Amino acid sequence: MEAQYPAHWEADVVLADGGTAHVRPIRPADADRLRAFYSRLSEESIYFRFFGPRPRLSDREVRWFTNVDYVERVALIATIGAEMVAVIRYDRTGPGEAEVAFLVEDAHQGRGVASVLLEHLAATARERGIERFVADVLPANMKMMGVLRQAGYTAESRFADGVVRMTLDLTPTETSTEVTLAREHRAEARSIARLLAPGSVAVIGVSREPGGVGQTVLRNLLAADFAGPVYPVHREARAVAGVRAYPSVGAIDDDVDLAVVAVPAGSVLDVVEECAQKGVHGLVVVSSGFGETGEEGRARQDELARIARAHGLRVVGPNCLGIANTAPSVKLNATLAATVPCRGAVGFFSQSGALGTALLQRVAQRGMGISSFVSAGNRADVSGNDLLQYWEEDGATEVILLYLESLGNPRKFTRLARRISRSKPIVVVKSGGTPSGHSARELGLPDSAISSLFEQAGLIRVDDLIQLFDVGQLLAYQPLPAGPRVAVVTNSDALGLLAADACVAAGLSPRAPVNLGAGAGPSAFGKGLAGELASPEVDAAVVIYMPPIPGDAAGVAAELLRVSQSVLKPVLATFQGHLGMHPHLQTGPVPERGSIPSYAAPEEAVRALAQAVRYARWRAEPTAPPPELEDADTARARNLASETLAAALVDESREPAGVPLAGGTPETAGSSGQATAPAGASTGSSDPGEPGDDGSPAREGAGRGRAPYFAAAGPPVEADATELLACYGIAVWPAHVVGSADEAARAAERLGWPVVLKVAGPDASRRAGTVRLGLPTADAVRHAYGEFSQQFGEGTELAVQRMAPQPAVPTVVSVVEDPAFGPVVSFGLGEVTARLLEDRGFRLAPLTREDAAGLVRSVRAAPLLFGEYGYPPVAVDALEDLLVRVSRLAHDLPELARLDLDQVLVGEDGVTVLGARAVLRTPAGPRLDGGPRRLS
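Here the numbering used here is used: the first residue of the sequence shown is 1, the next is one more, and so on.
Rendered as structure tokens:
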């Protein structure tokens, strides 16, 4: 590639119709590609672009268009396969301003190519210090004006000399962000819809003998009575399983929407090329031999995704079980599993191909129905994020079940989940670790942090597959509970008490069990359940029917259904120990809304109900965006970060040490009381810099008035935390580093009595006896200084700080820029026990007011902040405001690799930040879910 080529601008994107394209900067080698592109343009498209006829481009023009410096002049192209289908460019015309123009091949107009190119060009322009685009447009060119106006930026237009001059302010707005996310949602949802509702399917690699992978998929397609034609592909056979076969996918006369690939791994890439030439929309690669086999397989897997996306195809797999759609108009079973559950309202995503068959069997055994199923296998392309986009739109899906082994774009996943969970519950099993074959990084955060972030997004995280289906069957067929108050109706006193005890253990509020007696029949159960559900003190009911001798089970079930359907309160059952949807408890031939789920034991029913209660409570919380901080000076903070990083380039010998950086987690420990580091001190250490997520090389130079261009992650650099925090309205309690006993006494006189003397080194908080509190006189300060000198040595750096208001509860607030999740805020109490037990909560920045309140209350020691166990009630509202401000700082500054506020004393009237440490680092690239749309 050419020198200075900005590889990090390359991206695979999903277009409005669900197809894909590749976006990248133009290069001189694209000259012939540009000529071919131009030759396919209509006269009208050329006229609108050049304001007159221009049948061909001269060699001089081609050189001008393809040779750019990627700073003053930038051009991006969209390619599908080897062909250029669109180009967009800007030329800087003055300070902060550039002229923009674009061209889209006529055959690809209306697919959203221009919109996505404009998003990417705007991002590159902002990176190069350009603040606005101007475009001269002919009045008849309504398409171009529509693209510019609909981008969501602040736009102005004026007409003069027969031309409309449009000006776009490239500052991202709430509208532009909403437009981008809405387009992303529609495009990704449509790309999955094309996979799950194909008009025709080809199975490539079908063997003649039964039992092979390809023939198994073929027979399952036929057995499901797929609504469209099925085409077996075999190089020699005339027919397979009684269906006419074709020697290649290209030999099929009609269109092929979906291809299931079951050939050996070494032949898959050739098949992908054939499918691209045929115009296939999507691939399901069930073949193994990819990332799970080692480096060679991983390279083959990456190439599979690259070729498919470049040609406009989405890929499920490789090494997957397949996909299924139970819609009557589709009836697709393109999987290796002969058993697919009946029609239902559950969307099911599994990354594990090996587990897929067993999972589908379990669902079917329970009698649960599904709307659609996708096994992603190694997840080279299609991921859980894509399925979330699709299921949000799918009216047939009411509940989403996810079995995840890895997260390719965790920040996007939590963003999508938070939005979708407001209308559709998402239940997740997240296994530990990331399988070697997956196209995803190992997560750096501890499992407890991931659980906290899932909770923030409204996800229902469960421990295992049994709980996944337990919770899923409740949410799929019963309404959400309005609260935690539970009635228990039973014919067994012992089982009723077990259910009540389980409620208490799960945080629910059970009423006294209603024991109907061992011989209770339909009438008794109907009356007992109706009485409990009629009470305003009941939010849900658990019914236990375990007769010692056979009774009228059908009659009891009919009464339970009749009564439960008269109220909007969930009813669960342990019905004769049955697990799943008992035939007697269904509202129709297949389970539908209102059917009552049954559990093998009351404790399992209660456990599922407790998850539903917590989810319903989260869903009922008011939704509000992160608050705007009117007193925050974001521009000043960014300038401080840029200046600090720029100065570090001059003096590369400055290397902080002692604080783990992005990818690690906040690790602080020490004694309670006054902080052990002076205000503004900053320490840090880092693992070696990593390349960008897209493999981008280091960039040279710096933007106009901005921090240096993204490079391989730069070294950690100390920052003035006090000044940085002040930009967001956070004051750090003053502290003075002193070098003698007399200097300490003079500093104390200036600060005011009483004071604190403490060891100021970066490791002081990890050692006992490093703080002397409440020193009232100069002699006391000198005495304490002498003790420290004897204990730690004459050269030990000490600091004097005025004693903070008491009583107060010590806490610790930290932020880390995680490479997968972005900025993560953590909170915990500063007491030794809380630190040792790692009692911390986590949330993604930026925080809403509700997020901050939830973070404070998420730690086990939170009652100490609310006046319990002898502690005074403190200003929790001020603490929550501090968390919001810290989170906004972290959100606004991607350069902030690490920030520790240790300690933050929460008193009766406010908070006092006793010490702060900040570490900056030039990012390796944009955040995973930041910038213009791209496939991760």
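For every residue, glycine included, the Cβ atom is placed at its ideal position computed from N, Cα and C. Quantities reported herein were computed from a predicted structural model and do not represent experimental measurements.
- Annotation note: the stretch 398-437 contains the following uninterrupted alpha helix (DSSP H) runs of length 4 or greater, listed N- to C-terminal: 410-420.
- When Ala875, Leu757, Gln806, Leu893 are compared, the shortest CA-CA separation from Val815 is found for Leu893.
- Three or more beta-carbon pairs separated by less than 8 Å are not found between the stretch 291-306 and the stretch 325-333, which leaves the two stretches without contact.
- For Thr20, the secondary structure class from DSSP, reduced to helix, strand or coil, is strand.
- Secondary structure of Glu831 (DSSP, three-state): coil.
- Judged by their CB atoms, Glu99 and Val134 are nearer to each other than the 7 Å cut-off.
- Exclusion of the five residues before and after Ser176 leaves Ala151, Gly152, Tyr153 as the residues of its chain whose Cβ lies within less than 8 Å of its Cβ.
- Counting along the chain, the unbroken alpha helix (DSSP H) around Ile46 starts and ends at 43-50.
- In the DSSP assignment, Arg840 is bridged to Gly828.
- Here Tyr246 is bridged, per DSSP, to Val233.
- In this chain, the beta strand (DSSP E) harbouring Leu103 covers 97-104.
- Beta-bridge analysis with DSSP links Ile544 to Thr490, Thr574.
- Rounded to whole angstroms, the gap between the alpha carbons of Ala476 and Leu609 is 13 Å.
- Take the alpha-carbon of Gly317 and the one of Thr722: they are about 50 Å apart.
- In this structure, DSSP gives Val68 a state outside helix and strand, which the three-state scheme calls coil.
- Taking 7 Å as the cut-off, the Cβ atoms of His281 and Gly81 do not count as close.
- DSSP, reduced to helix, strand and coil, places Pro776 outside both helices and strands of the structure shown, so it counts as coil.
- Measuring C-alpha to C-alpha distances from Gly291 to each of Asp253, Asn378, Gly212, Val272 identifies Asn378 as the nearest.
- Put simply, of Gly250, Pro229, Leu181, Ala262 the residue whose alpha carbon is nearest the alpha carbon of Ser207 is Ala262.
- Spatial neighbours of Glu787 in its own chain (CB-CB distance under 8 Å, excluding positions within 5 residues in sequence) are listed in chain order as Arg772.
- Going by beta carbons, Ala31 and Val23 fall outside the 7 Å limit.
- Just measuring C-alpha positions, the residue of Gly729, Glu392, Val759 sitting nearest Ala735 is Val759.
- Boundaries of the beta strand (DSSP E) around Asn325: 322-325.
- The C-beta of Asp818 has 16 or more other C-beta atoms within 10 Å across all chains shown, which makes the residue buried.
- The C-beta distance from Tyr871 to Leu882 rounds to 19 Å, too long to meet the 8 Å contact threshold.
- Partner residues in the beta bridge of Asn333, as assigned by DSSP, are Ala324.
- The alpha-carbon of Tyr403 is positioned some 41 Å away from that of Ala520.
- When the beta-carbon positions are compared, Ala502 and Val606 come within less than 7 Å of each other.
- Under the DSSP definition of a beta bridge, Ile466 lacks any partner.
- Its Cα nearest to that of Ala518, the residue Gln576 stands out among Leu568, Asp463, Asp470, Gln576.
- Spatial neighbours of Pro932 in its own chain (CB-CB distance under 6 Å, excluding positions within 5 residues in sequence) are listed in chain order as Glu119, His120, Ala123.
- Between Ser45 and Asp106, the C-beta spacing is below 7 Å.
- In this model, Ile466 and Leu889 are separated by some 41 Å (Cα to Cα).
- For His736, the enclosing beta strand (DSSP E) covers residues 735-738.
- The residue among Gly507, Leu468, Gln473 with its C-alpha nearest the C-alpha of Gly483 is Gly507.
- According to DSSP, residue pairing for Met166 in a beta bridge involves Ala135, Ser157.
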